[in-house]
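Participant:
Number of protein chains: 2
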Amino acid sequence: MITFDTRPDTYKHWKLTFDGPIATLSMDVREDAGLSDDYKLKLNSYDLAVDIELADAIQRLRFEHPEVRAVIVASLKERIFCAGANIMMLRGSSHCAKVNFCKFTNETRLAIEDASAHSGLKFLAALNGVCAGGGYELALACDEIVLVDDGNSAVSLPEAPLLAVLPGTGGLTRVVDKRHVRRDLADFFSTLVEGVKGKRAVEWRLVDAVYPTSQFKEAVQKRAHALAASSDRPASGPGITLNALNPTVTDSSLSYSAVTLTFNRDKRTADLTVQAPTGPQPSTPEEILAAGDQFWALRAFRELDDALLRLRVNEPEIGTVVIRTEGDRDAVLAIDRTLAAHQSHWLVREIVHFMKRTLKRVDLTARTFFAFIEPGSAFAGSLFELALAADRSYMFHDDNEENVIALSPMNAGPLVMSNGLTRLQTRFLDDDAKVAELLAHDGAFNAGDAEDAGLVTFAPDEIDWDDEVRLAVEARAAFSPDAMTGLEANLRFAGPETMETKIFGRLTAWQNWIFQRPNAVGEKGALKVYGQQGRPEFDWKRT
Amino acid sequence: MITFDTRPDTYKHWKLTFDGPIATLSMDVREDAGLSDDYKLKLNSYDLAVDIELADAIQRLRFEHPEVRAVIVASLKERIFCAGANIMMLRGSSHCAKVNFCKFTNETRLAIEDASAHSGLKFLAALNGVCAGGGYELALACDEIVLVDDGNSAVSLPEAPLLAVLPGTGGLTRVVDKRHVRRDLADFFSTLVEGVKGKRAVEWRLVDAVYPTSQFKEAVQKRAHALAASSDRPASGPGITLNALNPTVTDSSLSYSAVTLTFNRDKRTADLTVQAPTGPQPSTPEEILAAGDQFWALRAFRELDDALLRLRVNEPEIGTVVIRTEGDRDAVLAIDRTLAAHQSHWLVREIVHFMKRTLKRVDLTARTFFAFIEPGSAFAGSLFELALAADRSYMFHDDNEENVIALSPMNAGPLVMSNGLTRLQTRFLDDDAKVAELLAHDGAFNAGDAEDAGLVTFAPDEIDWDDEVRLAVEARAAFSPDAMTGLEANLRFAGPETMETKIFGRLTAWQNWIFQRPNAVGEKGALKVYGQQGRPEFDWKRT
Numbered sequence: 001m002i003t004f005d006t007r008p009d010t011y012k013h014w015k016l017t018f019d020g021p022i023a024t025l026s027m028d029v030r031e032d033a034g035l036s037d038d039y040k041l042k043l044n045s046y047d048l049a050v051d052i053e054l055a056d057a058i059q060r061l062r063f064e065h066p067e068v069r070a071v072i073v074a075s076l077k078e079r080i081f082c083a084g085a086n087i088m089m090l091r092g093s094s095h096c097a098k099v100n101f102c103k104f105t106n107e108t109r110l111a112i113e114d115a116s117a118h119s120g121l122k123f124l125a126a127l128n129g130v131c132a133g134g135g136y137e138l139a140l141a142c143d144e145i146v147l148v149d150d151g152n153s154a155v156s157l158p159e160a161p162l163l164a165v166l167p168g169t170g171g172l173t174r175v176v177d178k179r180h181v182r183r184d185l186a187d188f189f190s191t192l193v194e195g196v197k198g199k200r201a202v203e204w205r206l207v208d209a210v211y212p213t214s215q216f217k218e219a220v221q222k223r224a225h226a227l228a229a230s231s232d233r234p235a236s237g238p239g240i241t242l243n244a245l246n247p248t249v250t251d252s253s254l255s256y257s258a259v260t261l262t263f264n265r266d267k268r269t270a271d272l273t274v275q276a277p278t279g280p281q282p283s284t285p286e287e288i289l290a291a292g293d294q295f296w297a298l299r300a301f302r303e304l305d306d307a308l309l310r311l312r313v314n315e316p317e318i319g320t321v322v323i324r325t326e327g328d329r330d331a332v333l334a335i336d337r338t339l340a341a342h343q344s345h346w347l348v349r350e351i352v353h354f355m356k357r358t359l360k361r362v363d364l365t366a367r368t369f370f371a372f373i374e375p376g377s378a379f380a381g382s383l384f385e386l387a388l389a390a391d392r393s394y395m396f397h398d399d400n401e402e403n404v405i406a407l408s409p410m411n412a413g414p415l416v417m418s419n420g421l422t423r424l425q426t427r428f429l430d431d432d433a434k435v436a437e438l439l440a441h442d443g444a445f446n447a448g449d450a451e452d453a454g455l456v457t458f459a460p461d462e463i464d465w466d467d468e469v470r471l472a473v474e475a476r477a478a479f480s481p482d483a484m485t486g487l488e489a490n491l492r493f494a495g496p497e498t499m500e501t502k503i504f505g506r507l508t509a510w511q512n513w514i515f516q517r518p519n520a521v522g523e524k525g526a527l528k529v530y531g532q533q534g535r536p537e538f539d540w541k542r543t
Numbered sequence: 001m002i003t004f005d006t007r008p009d010t011y012k013h014w015k016l017t018f019d020g021p022i023a024t025l026s027m028d029v030r031e032d033a034g035l036s037d038d039y040k041l042k043l044n045s046y047d048l049a050v051d052i053e054l055a056d057a058i059q060r061l062r063f064e065h066p067e068v069r070a071v072i073v074a075s076l077k078e079r080i081f082c083a084g085a086n087i088m089m090l091r092g093s094s095h096c097a098k099v100n101f102c103k104f105t106n107e108t109r110l111a112i113e114d115a116s117a118h119s120g121l122k123f124l125a126a127l128n129g130v131c132a133g134g135g136y137e138l139a140l141a142c143d144e145i146v147l148v149d150d151g152n153s154a155v156s157l158p159e160a161p162l163l164a165v166l167p168g169t170g171g172l173t174r175v176v177d178k179r180h181v182r183r184d185l186a187d188f189f190s191t192l193v194e195g196v197k198g199k200r201a202v203e204w205r206l207v208d209a210v211y212p213t214s215q216f217k218e219a220v221q222k223r224a225h226a227l228a229a230s231s232d233r234p235a236s237g238p239g240i241t242l243n244a245l246n247p248t249v250t251d252s253s254l255s256y257s258a259v260t261l262t263f264n265r266d267k268r269t270a271d272l273t274v275q276a277p278t279g280p281q282p283s284t285p286e287e288i289l290a291a292g293d294q295f296w297a298l299r300a301f302r303e304l305d306d307a308l309l310r311l312r313v314n315e316p317e318i319g320t321v322v323i324r325t326e327g328d329r330d331a332v333l334a335i336d337r338t339l340a341a342h343q344s345h346w347l348v349r350e351i352v353h354f355m356k357r358t359l360k361r362v363d364l365t366a367r368t369f370f371a372f373i374e375p376g377s378a379f380a381g382s383l384f385e386l387a388l389a390a391d392r393s394y395m396f397h398d399d400n401e402e403n404v405i406a407l408s409p410m411n412a413g414p415l416v417m418s419n420g421l422t423r424l425q426t427r428f429l430d431d432d433a434k435v436a437e438l439l440a441h442d443g444a445f446n447a448g449d450a451e452d453a454g455l456v457t458f459a460p461d462e463i464d465w466d467d468e469v470r471l472a473v474e475a476r477a478a479f480s481p482d483a484m485t486g487l488e489a490n491l492r493f494a495g496p497e498t499m500e501t502k503i504f505g506r507l508t509a510w511q512n513w514i515f516q517r518p519n520a521v522g523e524k525g526a527l528k529v530y531g532q533q534g535r536p537e538f539d540w541k542r543t
């Protein structure tokens, strides 16, 4: 079973060091410490194990080190920055594993950009040598890229010419959309195994600067300090500690303090339940700081994030997830008010953006989500986002109208989707008046009102409830998993596309396609024969 | 060999009739007149043969019938509008054929929307009965959809639940992005084999209105006249006739009056050459009207369009196309000036939008395009768009600087890509000043200037030219065709995404993926076992 808990003092592949406002995150991959013994992680190539530590480091920089303003992403291996995703690992992986691997690495790269955009944490990629494929894609996620000018070191995206696949971690999109490399130059670059180095790399905008070996270290330090000076991160600290989540794991469930995920493997479904907070809750930034990682909003969403990640990689056959909430919805609304009122405080800001990223993880999880809103539920404000993220919601229409949902300021902006819109804006596309009217609604919505308002999909009454929700789940679980993945990937992202949605929508969809084409993964496909005797054999038909 | 030439009096599947400003385009598919005898086109289901006639009809309405302001899309079969793409045809098609089929039908649906948006030609879908899958997607491309309310007739997208594939002609995107059906309702709708009918179809925005059988015909007429009244199509006429192109076809070439396409099958490449106009050219709308379909701008782009379509469906192994132009570039620039100056004239408008759609067809063709700009070429204005559409351009750097390219007002707006930007804007993304500077440039660009300005990719001199372009083509033709398709689909569409690019990028990419998954096309896949004994068997892993 793959788990996602780690911490810097147990990292095998990265070193995280600090020097005032500058942190250095150095890659030093241990060849023999990948997830499997089937391959060696040579030349700072990576597998999911390496990326789990990277994701953890970025998270901790935000919560544990508010004093850090710039991060140098570097390598401890001489003349090698990073050779990208390990090819032998990819070759040996199932289609499913490849797709999940790329999804997680994409989310991690986007987390770097999110930290830069929203947390004032700037990233500098210091390329001391070979920087190929996923290595260059990691650099592309940073604010600046500097490359050593030693006559040899180059950046490259050799996936297409060498392996007959695409750069899987946003490379093509970021080259043209983020760095504004001209599309014809990008085309040439993306077919060049040896990559581009020196002055040409700067002229084509592939990197921001090159420096001779003798000046490289000093230039990196200088630029990192300039980046730190451009940061708007508030001078503050100390940070809080993100302790291990330590869920109770059984064969059929994962149980955290506020989140439970139960698997019904024979039905290929799962039940995901989130508990609202209980007892007194912090109402000021100081109290939130004191509560640290035990503050419900952070704790519950960290647990939710961990549960989603484990579900993705360890439970491929669970296709349908029923989301429930339980507890005191007023307690959720009170926390939402506190969060909304104090978003300028560094820790509150971090918590809100973490909630946002976790909800994006729901949107991007290739499983069906149905929200069941039953008496005793707590679908209010930030927890109601789970119902809005779900593909459908079913709300029990009770006679006494006690089963209710409620909105909060957290539904009005802080928790945007990858498409740049809130889930309410996506739901009522191009109808801002409707969204404003709902947000201005005084008090909770009972089932009838919620259905009329379009906030839930269906509101069956007591006579129909059991059959309707049971049949809905059974029917869903019987459909082709691939068709449901494709359906959801389209319907969930109505409205505008952003660089982020282009990476998951256009680029990833094409990559998933190529990842199962015989030209890549067949017996004579390029990914299969790489490093072996003989050349790939292609079916030449263009599709 | 599949060809695309047809005309109304030889249509097998459609009837086109006229009543003043209202045209009626009625589907009456002949079961035995598909492209292959392997299937029967029952229940107004369609294959590429049916769609070729539809595309032709829409084109002729624009050029031959400027008096028409609204088109009723109807059926001549009782209680059946259209059952969608023929399933037996899909089942028997190669992956390549399925993808090409969907691409063409998508372009045809988008041509309907283009006619509405830019030509004042409004479309009303009159659903007199069963309207499933591709039938509903055809309706979704229309401005309005009315459905008969007979207790039985419904609209549906049963592809996912019935066949384990996605609606392949924009259905999912248009439901949420165009018609603003709420995403949870769209999710439910897209899993419902029987579809949605009556009042609920209106409430969910799936159709605009329903009428009882007794009122249906009258209501359709009334709404069509209201749509016609909303049209801004200038009262004008008569139209011009689009005569057959009649290329000379040999085993290795297609030759038209201004376009030649030569296949080098052993190298998997083709040479596409467009001739600039010769002799006196029309300079007023009246002269253009008199020239009709023999006017170079219309003739050359119709030929180009036809050549691209034949290349796509008949030459799957030709992966790389070298584009050249020949002749008098000043003649092209003169025509561009005439077109730009008279865009308010109905015929000029039609010609310019046709050129735009043809160039979009280049962008969306899954083949590599390299433009070779050599002495004697005519890459100016609208023809230079071909070089901008190409994945790369190579310009011969001659010592005497006579090999030049030039821009015109046609590069500044009329010929936008699917992403809503011009090719210059896409090339110099977010750099409007640069685009303005280039457009303001006085006169032509020689090779050195063009390279410095970023208008061409490379400008080798006489010493390097032969080897460089030969090696570029050879290298390209040796790469995996799938990887090149994916690479190009990403790099060509930098910048914003639109409903149109979402259909080709996100939706089509996912559909292409699903179209080769065993859950759809394997021996026990849903598309394979449909209509046969037994149920599909799925691999339940979610990816």
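Top line first, the protein sequences correspond to chains A and B.
Here the first sequence stands for residues 1 to 543, where the numbers follow our numbering.
Here the second sequence stands for residues 1 to 543, where the numbers follow our numbering.
By construction, the Cβ of each residue, glycine as well, lies at the ideal position given by its N, Cα and C atoms.
As the structure is a computational prediction, the values presented were derived from the model and not from experiment.
#1: What are the uninterrupted segments assigned as alpha helix (DSSP H) that are 4 or more residues long and contained completely in the region 208-233 of chain B, given in chain order?
#2: Do the region 28-43 of chain A and the region 73-83 of chain A make contact, defined as three or more Cβ pairs closer than 8 Å?
#3: Helix, strand or coil: how does DSSP classify residue 480 of chain A here?
#4: Would you verify that the beta carbon of residue 532 of chain A is, or is not, closer than 8 Å to some beta carbon of chain B?
#5: Quick check on the burial criterion: 16 or more other C-beta atoms within 10 angstroms. Buried or exposed for residue 545 of chain B?
#6: Applying a beta-carbon distance threshold of less than 7 Å, which residues of chain A neighbour residue 514 of chain B?
#7: Would a check of beta-carbon distances place residue 344 of chain B closer than 8 Å to chain A?
#8: State yes or no: is the C-beta of residue 74 of chain A within less than 8 Å of the C-beta of residue 26 of chain A?
#9: Where does residue 81 of chain B sit, in a helix, a strand or coil, going by DSSP?
#10: Would the region 215-230 of chain B count as touching the region 192-204 of chain B if we require 3 or more Cβ pairs under 8 Å?
#11: Rounding to the nearest angstrom, what Cα-Cα distance links residue 439 of chain B and residue 451 of chain B in this structure?
#12: Note down the Cα distance separating residue 412 of chain B from residue 341 of chain B, rounded to an integer number of angstroms.
#13: Considering only the alpha carbon of each residue, which of B:247, B:267 and B:368 lies closest to residue 260 of chain B?
#14: Output needed for residue 399 of chain A: all residues of its chain with C-beta closer than 8 Å, excluding positions within five of it in sequence on either side, in chain order.
#15: With distances taken from CA atoms, which of B:542, B:425 and B:532 is nearest residue 163 of chain B?
#16: If you check the beta carbons only, do residue 23 of chain B and residue 231 of chain B fall under 8 Å apart?
#17: Using a beta-carbon distance below 8 Å, is residue 409 of chain A in contact with chain B?
#18: Is it buried or exposed for residue 406 of chain A, if we count other Cβ within 10 angstroms and need 16 for buried?
#19: From residue 208 of chain A to residue 367 of chain B, what does the alpha carbon distance come to, in whole angstroms?
#20: Using only CA atoms, which one of B:297, B:313, B:145 and B:94 lies nearest to residue 281 of chain B?
#21: Measure from the alpha carbon of residue 403 of chain A to the alpha carbon of each residue in A:329, A:423 and A:236, then state which is nearest.
#22: Could you tell me whether any Cβ in chain A is nearer than 8 Å to the Cβ of residue 583 of chain B?
#23: With the cut-off set at 8 Å, would you say residue 126 of chain B and residue 155 of chain B are in Cβ contact?
#24: Could you please give me the residues that DSSP links to residue 131 of chain B through a beta bridge?
#25: So what's residue 24 of chain A in DSSP terms, helix, strand or just coil?
#26: Can you look up residue 395 of chain B in the DSSP assignment and give me helix, strand or coil?
#27: Using a Cβ-Cβ cut-off of less than 7 Å, give me the residues of the region 74-104 of chain B that come near chain A, in sequence order.
#28: Which residues in chain B have a C-beta closer than 7 Å to the C-beta of residue 316 of chain A? List them in chain order.
#29: Using a Cβ-Cβ cutoff of less than 8 Å, which residues in the same chain neighbour residue 496 of chain A once the five nearest sequence positions on both sides are dropped?
#30: Comparing C-alpha positions only, which one of B:527, B:116, B:523 and B:285 sits nearest to residue 62 of chain B?
#31: Name the residue from A:166, A:113, A:78 and A:157 whose alpha carbon lies nearest to the alpha carbon of residue 102 of chain A.
Facilitator: To lay it out plainly:
#1: 213-230
#2: yes
#3: coil
#4: no
#5: As displayed, chain B neither begins before 1 nor continues past 543, which places residue 545 of chain B out of reach and without an answer.
#6: 482, 483 and 486
#7: no
#8: yes
#9: strand
#10: no
#11: 15 Å
#12: 13 Å
#13: B:247
#14: 461 and 462
#15: B:532
#16: no
#17: no
#18: buried
#19: 32 Å
#20: B:297
#21: A:329
#22: Since the first residue of chain B shown is 1 and the last is 543, residue 583 of chain B is not available in this structure.
#23: no
#24: B:82 and B:155
#25: strand
#26: strand
#27: 95, 96 and 99
#28: 541 and 542
#29: 419, 420 and 421
#30: B:116
#31: A:166
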